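Novice:
Spelled out as structure tokens, the structure:
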């Protein structure tokens, strides 16, 4: 299905250019999928707690929605923020369909743990190594809205403006959410009788 | 992922003949959201212009007749219907501005201040061209539910023990020295208007809704008038169930 001329056409294009190309040539959408499938699957797993199979089903729905709505993308927004927003919405839709609170399958990696530990350390009284050992357990207990904002900030490494675009909330609200999420994180630590 | 996920997606799109929605559909949807936002601001502003109209025609100078303090008078005579309309349209404007493409970026307070500022400016302009008065009159003439709301509010001007009665003029006798007045409870009062002053150049006619300041007389249902005013000022008589009067400035 993939041919060299298509690769020449789509390879090394920006996301925004790929959108234009995908609207003209369906096959170019393949490159958008390839760019984002791993990132989005990890994101779904981290914020939802769905099984891998369920997460892949959600991801498939996400890409179909992205394709259907390609014409609604406008470049006031980063393409990545737009696809993360669609993913976030699709995960919420799936919570509703399943009528279940997300269970955990955090599978946090070192990058996330390092980022979070480093940020918490700036507060001056949390041991980074200790956080690494216990963070997964704590994240499982957190409210989904707090967990998601921490994942976006420290694992996806999104800035406030991008998180604002993904969650469709004002920047001030995002800042408040992150601050509360960090407090919530610390409280969960304390609840589990872990000394900070 | 073991299987070629991207190929699978592409095949699904091709097999199910999934097509991107038209750009025009999104343009239309976005325009509709802006249109509803704009309409909400205009209607909120119109409600605000009616509130200003009520503020203008309220009998502030006789507030002491109805209540012990000014605040109670304000609460009693507030045009709640229009206040609710104003707040409802303000809320609608907020919701729709939030639903524009980038509306979520603005804090609640900023949107509120923007919507209020727009409503006040446009409402002030509408009021200055008489749209508030006209809107209120149209409602009074055409909306039965509004007539009921309004009649209830007009009842506050019927408090004989406080020296004020209101109602419809049934008959004018003895060159206007005696009026027969049908009060909100359909009790007919004889109003001695021989020494009454009339509000500005107000001329009473049969069928007019008026309020009368004075005191209850010695005989049953006799009221000695000191001042007579139209029940509601600035209204075109043709729009009233019981015709009222224009202010006649």
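Protein chains in written order, with the numbering used here: chain H, 1 to 196; chain E, 197 to 445. Using N, Cα and C, we set each Cβ at its ideal position, and we do this for glycine too. Only a predicted model underlies this, so the values are computations on that prediction, with no experimental measurement involved.
1) Within the same chain, show all residues whose beta-carbon is closer than 6 Å to that of residue 450/E, passing over the 5 residues directly before and after it, in chain order.
2) Taking residue 201/E and residue 239/E to be in contact with their CB atoms under 8 Å, please state how far apart those CB atoms are, rounded to whole angstroms.
3) Based on the DSSP output, what are the partners of residue 385/E in its beta bridges?
4) Exposed or buried, what is residue 218/E when buried is set at 16 or more other beta-carbons lying within 10 Å of its beta-carbon?
5) Mind checking residue 170/H: buried by the 16 CB within 10 Å criterion, or exposed?
6) Which residue or residues does DSSP assign as beta-bridge partners of residue 367/E?
7) Return the residue from the list 261/E, 245/E, 340/E that minimises the CA-CA distance to residue 321/E.
8) According to the Cβ coordinates, are residue 420/E and residue 368/E closer than 8 Å?
9) Report the rounded CA-to-CA distance for residue 207/E versus residue 33/H, giving the unit in angstroms.
10) Under 9 Å Cβ-Cβ, which residues of chain H neighbour residue 218/E?
11) Provide the residue(s) that pair with residue 394/E in DSSP beta bridges, ordered along the chain.
12) So with CB distances below 9 Å, who are the chain H contacts of residue 292/E?
13) If you draw a straight line from the alpha carbon of residue 180/H to that of residue 71/H, how long is it in whole angstroms?
14) Per DSSP, which residues does residue 362/E bridge with? Please list them.
15) Please state the DSSP three-state secondary structure of residue 354/E.
16) Should residue 282/E be flagged as near chain H, meaning a C-beta pair shorter than 8 Å?
17) Taking 8 Å as the limit between beta carbons, can you name the residues of its chain near residue 350/E, skipping five residues before and five after?
18) Counting C-beta neighbours from all protein chains within 10 Å, is the total for residue 425/E 16 or more, i.e. buried, or is it exposed?
19) Pick out whichever of 301/E, 339/E, 344/E has its Cα sitting closest to the Cα of residue 165/H.
20) Could you compute how far the alpha carbon of residue 220/E sits from the alpha carbon of residue 75/H?
21) Counting along the chain, where does the alpha helix (DSSP H) carrying residue 299/E start and finish?
22) Taking 8 Å as the threshold, find out whether the segment 290-299 of chain E comes into contact with the segment 223-237 of chain E through three or more Cβ pairs.
Specialist: Reading off the structure:
1) Since the first and last residues shown for chain E are 197 and 445, residue 450/E lies out of range.
2) Rounded to the nearest angstrom, the Cβ distance from residue 201/E to residue 239/E is 50 Å, too far for a contact under 8 Å.
3) In DSSP, residue 385/E forms a bridge with 377/E.
4) When all chains shown are included, residue 218/E counts as exposed.
5) Burial call: buried.
6) BP columns for residue 367/E point to 376/E.
7) Residue 245/E is the option with its Cα nearest to residue 321/E.
8) For the 8 Å CB-CB criterion, residue 420/E and residue 368/E do not form a contact.
9) Cα to Cα, residue 207/E sits roughly 12 Å from residue 33/H.
10) Simply 71.
11) 424/E, per the DSSP bridge assignment.
12) Under the 9 Å cutoff, chain H gives no residues; its nearest Cβ is about 14 Å from residue 292/E.
13) Going by the C-alpha atoms only, they are around 36 Å apart.
14) In the DSSP output, where bridge partners are listed per residue, residue 362/E has 407/E.
15) Coil.
16) Put simply, the CB of residue 282/E is far from chain H, with every gap to its CB atoms at 8 Å or more.
17) For residue 350/E, where only same-chain residues beyond five positions count, the Cβ hits under 8 Å are 362, 380, 405, 427, 428.
18) Residue 425/E comes out buried.
19) Cα-wise, what sits closest to residue 165/H is 301/E.
20) Going from the Cα of residue 220/E to the Cα of residue 75/H covers about 17 Å.
21) Counting along the chain, residue 299/E falls outside any alpha helix (DSSP H), and DSSP gives it neither H nor E.
22) Result yes; three or more Cβ-Cβ pairs closer than 8 Å.
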